[in-house]
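>
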Amino acid sequence: MPNYWLVKSEPDAFSWDQQVANRIEPWTGVRNHMAKNNLKSMRLGDLAFFYHSNIGREIVGVVEIVREAYPDPSMEPTAKPQDWVAVDMQARAPLPHPVTLATIKSDPALAGIALIRLSRLSVCPISPEHWAHICTLGGYRA
DNA sequence: GCCAACGTTGGC
DNA sequence: GCCAACGTTGGC
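To convert, note that position 50 of the first sequence is 139 in the working numbering; the numbers rise steadily by one, no gaps.
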């Protein structure tokens, strides 16, 4: 069983279309310790929802973790090598029907989801139940 | 453009 | 160790 996650990106900085075009993309720039700990917990084959924050505010696709945590190449020169990490992600498939934040907030089956509870956290865990539910809403078949 | 949440910094 | 000030994220 893989673990499930959600990662946020502002589409004018890095969008799902760019992820698809690049295929494998290093996920860099996380500078929050809770988010970093989640990156370090990711294992090969884990899956993550790709969420567009700010513009769109919806889950648009699914990516797979294809390289586990390594020192973030975008790290500031003053940081220590172990301070921040990146992982590599590969696009799997888009959600046929993107699932919006409004939908997630209004769905009782998704109550307590970290995306809402910890709204500023850019790398969130997702329970298997919530994962399955959102896949259904999005018309996504694994 | 505003604001809530929250992390970080620095004075004491 | 406390807390005010400030910066950032991200929704509205």
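Glycine is no exception: its CB is placed at the ideal position from the N, C-alpha and C atoms.
Remember, it's a predicted structure, so these values are computed and weren't measured experimentally.
Could you round the C-beta distance between Leu-190 and Glu-147 to whole angstroms and report it? I think they count as a contact, below 8 angstroms.
The residue labelled residue 190 in the question sits at position 101 within the first sequence. The residue labelled residue 147 in the question sits at position 58 within the first sequence. That belief holds up - the Cβ atoms of Leu-190 and Glu-147 are roughly 7 angstroms apart, short of 8 angstroms.
> Skipping 5 residues on each side, what residues in its chain have a beta carbon closer than 8 angstroms to that of Ala-158?
As a first step, residue 158 must be located in the first sequence, where it is residue number 69. Same-chain partners within the cutoff: Leu-128, Lys-129, Met-131, Val-174, Ala-175, Val-176.
> Grouping DSSP H, G and I as helix and E and B as strand, with all else coil, what is Thr-117?
In the first sequence, the residue the question calls residue 117 occupies position 28. Thr-117 falls in the coil class under three-state DSSP.
> I'd like to check one pair, Ser-211 with Val-119: are the Cβ atoms closer than 8 angstroms?
In the first sequence, residue 119 corresponds to position 30, counting from 1. In the first sequence, residue 211 corresponds to position 122, counting from 1. Yes.
> Would you identify the three-state DSSP class for Glu-165, choosing helix, strand or coil?
Along the first sequence, read from residue 1 onward, the residue named residue 165 stands at position 76. Coil at Glu-165, not helix or strand.
> Taking 8 angstroms as the threshold (C-beta atoms), are Gly-227 and Pro-185 in contact?
In the first sequence, counting from the first residue as 1, residue 185 sits at position 96. In the first sequence, counting from the first residue as 1, residue 227 sits at position 138. Their beta carbons are under 8 angstroms apart, which means Pro-185 touches Gly-227 by this criterion.
> For the beta strand (DSSP E) containing Glu-147, list its first residue and its last residue.
To locate residue 147, count along the first sequence from 1; it is residue 58. First-last of the beta strand (DSSP E) with Glu-147: 147-160.
> Is Lys-169 buried or exposed, if buried means 16 or more other CB atoms sit within 10 Å of its CB?
If you number the first sequence from 1, residue 169 lands on position 80. It counts as exposed.
> Go ahead and pull the three-state DSSP assignment for Gln-107.
Position 18 of the first sequence, counting from 1, holds the residue named residue 107. Residue state, collapsed to three classes: helix.
> State yes or no: is the C-beta of Pro-217 within less than 8 angstroms of the C-beta of Trp-94?
To locate residue 217, count along the first sequence from 1; it is residue 128. To locate residue 94, count along the first sequence from 1; it is residue 5. No; because the gap between Cβ atoms is not below 8 angstroms, this pair is not in contact.
> Report yes if the C-beta distance between His-219 and Ile-205 is below 8 angstroms; otherwise report no.
Locating residue 219 in the first sequence gives position 130, counting from the first residue. Locating residue 205 in the first sequence gives position 116, counting from the first residue. Result no, Cβ atoms of His-219 and Ile-205 do not sit closer than 8 angstroms.
> Determine the direct distance from the alpha carbon of Lys-97 to that of Leu-133, and round the result to whole angstroms.
Working through the first sequence from its first residue, we reach residue 133 at position 44. Working through the first sequence from its first residue, we reach residue 97 at position 8. So the two alpha carbons sit approximately 19 angstroms from each other.
> Output yes or no for whether 8 angstroms exceeds the beta carbon distance between Trp-105 and Phe-139.
For this step, residue 105 is matched to residue 16 along the first sequence. For this step, residue 139 is matched to residue 50 along the first sequence. Yes, they are a contact pair.
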